[in-house]
Amino acid sequence: MSDDQIRLATIGRILRRRWRLLAVLAVVGALFGYGTSVLVFPQRYTASASVLLPGQWEERELLTQAQVATSSSVVDRAAAELDWKGVDAADLKDKVSAKATDGNIIKILGTAESPERAQQLSDRMAQQFVAFSARLTGGDTDSGAETGPEALRKKVEATNRRISDLAEAADPGRTVEGVQARTSLEKLRASLEEAMKKLDQAETVSSKAGMVVMGPSPRPTGEAPPTRNQLMIGGAALFLVAAVIAHLAAARMNRRLRTEPEIAAALGTELLGTVDVPGERHGHRSEGGGGPRAWIRRFLGIDTRWDTPVPQRSGDEASRRIRYRRVCARLRTRLPAPRRLLVVVPDGDEIARRAADQLVTEAASDPAATAANRGYLRVVEVSVTRPMVPDRDTESGALVVLSAGSWTAGELTGIAEACADGRHEVVGVVVAGAVRARPARSADQPPEKATLALAVRGNATGGSA
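Counting in the working numbering, the final residue of the sequence shown is number 539, and the numbers go up one at a time with none missing.
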């Protein structure tokens, strides 16, 4: 897996072999999303009120009105009118927003913890926005502004009266007083024209600012996003994707040896052959005893390897036994003299353990071997974390049996060093693989007399280095 590209088949294998673990993680992710919705994103509802702005408005003017709708002046007045306990203007400002839409409409959005409050908030904000805009256009007499429509009209009336008075008192002759009077009249007329222009402008603005609230806001029927269901689904999906990515990353970082030449090089010996072990469909199953932890591992499916290939269908039992016989024949040719051997199996490698037992059975069933040398193979399991091999005694050599893709180069080097510390020469390595067995044949099975010679001839107790 470390050198392969990530394919859909790999993800499918993860889903098939880790579906229980992924299902549990998805449930945990959903619970995480539920807790997030309760603690971080409680239930919220959003209501929308629409305010119509009559007249012609440019886009920048509409954006300005949207900002005015959520300004502090409008929010403060809405907060004072609502008078919610424990909610001040600063809290309310974070719960309102406004945006300009097509048709000169300002939508004011209010968010609260209940549909009723959300509706009240949006309605009050719309009403206060319209009232505040009306005061800005001249309806506020408390501001002391002299440019409102009423003030301008009064100024025009006073100017007209002053002009009439001056016209009656003016000397029609060409005296100095008459010239001064006519000059004053011209100035007053200019002031009148300017006042009339301002009045027209004020009336135009007033007509544009005649905003209308387009009815009460509808009461929301659903939660505002992100909803509780969305957070639960998002949490489940997040945990599921994270678990798949973690499996892929672990497979990428896997440094277990998978090919026979790499395994033989790590042990410093030669490959004697490969054998098949039927019955294991899902790779290695770790030994965890019968405690609660082992039961949980079995339930989640993490006691088996997911990254091992699917076992291929092999031949019948007779064809599998031929592989074991050939391994024993090669082992016999490599030994310079008859001697007993240790069959070293890494602890926890169930496939290798079954292959080693089959090797011992095949060696003991050799009809050509004597009763003394039929048991020249003895199986020992060695821990890969702290390998320890029995010292050289009746056995004077070691045959390592393991499965591919289970151990790293460092672990195999440790086993080889443990054999050297016990004064055992590693005479070879046998790689075992899991297969799916076929029914054993009966009629065409080769007779027992046709078996190859397995046992090493000579004295079983004698040994040479």
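A virtual CB, placed ideally from N, CA and C, is assigned to each residue, including glycine.
Straight across, the Cα-Cα distance linking A429 with G471 is about 18 Å.
Taking a cut-off of 8 Å for Cβ pairs, the region 184 to 197 and the region 107 to 121 touch, as three or more such pairs fall below it.
A direct Cα-to-Cα measurement between R414 and D421 gives close to 21 Å. In this structure, DSSP gives K159 a state outside helix and strand, which the three-state scheme calls coil. Rounded to whole angstroms, the gap between the alpha carbons of R91 and L105 is 24 Å. In the three-state scheme derived from DSSP, where H, G and I count as helix and E and B as strand, V102 is classed as helix.
Annotation: A83 to E436 spans about 38 Å, alpha carbon to alpha carbon. Boundaries of the alpha helix (DSSP H) harbouring I88: L82 to R91, taken from the DSSP string.
With contacts defined as CB atoms closer than 8 Å, V417 and V456 fail to qualify as a contacting pair.
Just measuring C-alpha positions, the residue of E424, T333 and I307 sitting nearest T378 is E424.
Note on geometry: alpha-carbon atoms of V419 and E336 lie some 17 Å from one another. A contact is defined here as three or more CB-CB pairs under 8 Å, and the region 462 to 477 meets this definition with respect to the region 499 to 512. Boundaries for I425: no beta strand (DSSP E) harbours it, while the alpha helix (DSSP H) harbouring it runs E424 to A438, taken from the DSSP string. In the DSSP assignment, E469 falls within the unbroken beta strand (DSSP E) covering E469 to S477.
Per DSSP, the continuous beta strand (DSSP E) segment holding E455 begins and ends at L451 to V456.
Among the bridge pairs identified by DSSP, I370 is matched with none.
Residue state for K261 is assigned as helix, using DSSP reduced to three classes. The beta carbons of A483 and L331 sit closer together than 8 Å. With fewer than 16 neighbouring CB atoms inside 10 Å of its own CB, L113 falls in the exposed class. In terms of Cα proximity to Q194, the closest of L166, S393, N178 and E133 is L166. Taking C-alpha positions only, V253 is separated from L262 by approximately 14 Å.
Within 10 angstroms of the beta-carbon of D162 lie fewer than 16 other beta-carbons, which makes it exposed.
Rounded to whole angstroms, the Cβ separation of L374 and F115 is 30 Å, and the two are not in contact under 8 Å.
Contact annotation: I376 and L95 have beta-carbon atoms nearer than 8 Å. Under the criterion of beta carbons closer than 8 Å, V401 and V349 qualify as touching, at roughly 6 Å. Between T144 and V170, the CB-CB gap stays under 8 Å.
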